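What follows is a single structure, written as structure tokens, with notes after it.
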Amino acid sequence: MCTFKIAIDGPAGVGKSSTACEVAKILGFSRIDSGSIYRAVTFLLIKKFGSDIDITRKNEIEIFLKDMNISIKNERIFSNEEDLSKNLRDEIVEKKVALIAKESYIRDIVKEIQIKAANTSKSGIIIDGRDIGTVILPNANLKIFLTAKDEVRAKRRYEEYVEKSSVNFDTILDEIKKRDYEDINRKTAPLKCAEDAIIIDNSDMTFQEQVEIIVDLVKKKMV
Numbered sequence: 001m002c003t004f005k006i007a008i009d010g011p012a013g014v015g016k017s018s019t020a021c022e023v024a025k026i027l028g029f030s031r032i033d034s035g036s037i038y039r040a041v042t043f044l045l046i047k048k049f050g051s052d053i054d055i056t057r058k059n060e061i062e063i064f065l066k067d068m069n070i071s072i073k074n075e076r077i078f079s080n081e082e083d084l085s086k087n088l089r090d091e092i093v094e095k096k097v098a099l100i101a102k103e104s105y106i107r108d109i110v111k112e113i114q115i116k117a118a119n120t121s122k123s124g125i126i127i128d129g130r131d132i133g134t135v136i137l138p139n140a141n142l143k144i145f146l147t148a149k150d151e152v153r154a155k156r157r158y159e160e161y162v163e164k165s166s167v168n169f170d171t172i173l174d175e176i177k178k179r180d181y182e183d184i185n186r187k188t189a190p191l192k193c194a195e196d197a198i199i200i201d202n203s204d205m206t207f208q209e210q211v212e213i214i215v216d217l218v219k220k221k222m223v
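Heads up: the sequence shown runs through residues 1 to 223, numbered per UniProt numbering.
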């Protein structure tokens with residue numbers, strides 16, 4: 001029997017990661033958080049080259065990332081067996097990830113990591129990101145596009161950051177809008193809803209409600 005594949009896409013702050021994680025837990029599926037892979041790449045590049053990294057240094061960066069041996073184990077991101085998970089939500093990483101992720105050669109590197117992980121999964125697989133249903137898993141059994149109002153997404157991100165550092169809601173809202181613009185308008189694999197995706201606006205939903213909707217959709221597809 002072929003592995004059941006689920007693609008979950010959507011903009012920043014919409015809850016892709018937490019939703020995919022809970023759905024995977026309920027269904028007993030494996031999960032790949034593509035955003036975490038991009039954040040891991042961003043963290044490694046900042047650590048190596050500094051926050052003002054020249055992303056046009058393609059050959060040097062490709063060689064460096066290959067040597068970093070990025071892998072996924074139990075939904076955590078590793079580089080040469082070092083767990084990077086605690087560094088992936090750093091503010092500097094969040095600020096730089098869109099700039100780095102828009103580069104086509106970076107997306108190709110991440111795509112290879114995603115596809116390798118998906119193809120080696122022995123259970124159903126869920127991948128969440130921004131180009132999963134359109135690029136990574138175009139033949140997914142179920143495609144979900146999560147969306148929510150800008151202010152709702154900014155509030156969620158604000159509540160995530162406020163415990164770690166001093167942050168400003170308006171600044172986060174501006175960053176959300178800027179990230180949306182960059183994701184939608186990048187030349188390579190822009191953020192867009194796949195034609196056959198089911199759109200779920202979770203602005204006024206509880207977390208559990210959106211999870212239950214997706215789980216029910218999967219169960220109907222698997223009958």
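Note that beta-carbon positions come from the ideal geometry of N, C-alpha and C, so glycine has one too. The model shown is predicted, which means the values in this text are computed figures rather than measured ones.
Contact check between the stretch 114-130 and the stretch 149-162: fewer than three CB pairs, one atom from each, fall below 8 Å, which does not count as touching. Counting along the chain, S36 sits inside no beta strand (DSSP E); it lies in the alpha helix (DSSP H) bounded by residues S34 to F49. In the structure shown, K73 adopts extended strand secondary structure according to DSSP, grouped into three states. Here the alpha carbon of N87 sits roughly 9 Å from the alpha carbon of R39. Taking a cut-off of 8 Å on C-beta distances, the stretch 115-127 does not touch the stretch 176-193, as fewer than three cross pairs fall below it. Here the alpha carbons of V23 and E212 stand approximately 8 Å from one another.
At a cut-off of 4 residues, the continuous stretches assigned as alpha helix (DSSP H) that sit fully inside the stretch 84-148 are 91-101 and 104-119. Under the three-state reduction of DSSP, F78 is assigned to strand.
The beta carbon of V135 sits closer than 6 Å to those of A189, all from its chain and outside the five residues before and after it, given in chain order. Around the C-beta of T171, fewer than 16 other C-beta atoms lie within 10 Å, and the residue is accordingly described as exposed. When secondary structure is reduced to three states using DSSP, A7 falls in the strand class. In the three-state reduction of the DSSP assignment, D201 falls in the strand class, which pools E and B. DSSP, reduced to helix, strand and coil, places S18 within a helical segment of the structure shown.
Beta-bridge partners of R31 (DSSP): I126.
Shortest Cα-Cα distance from E91 to any of K220, E163, N141 and R107 involves E163. By the neighbour-count definition (other C-beta atoms within 10 Å, threshold 16), P11 is a buried residue. Per DSSP, A194 lies in no alpha helix (DSSP H) and is assigned neither H nor E. A101 and R107 do touch by the CB rule: their CB atoms are close to 7 Å apart, below 8 Å. By the C-beta density criterion, V93 is buried, having at least 16 other C-beta atoms within 10 angstroms. Across the structure, K48 and K58 are spaced so that their CA atoms are roughly 14 Å apart.
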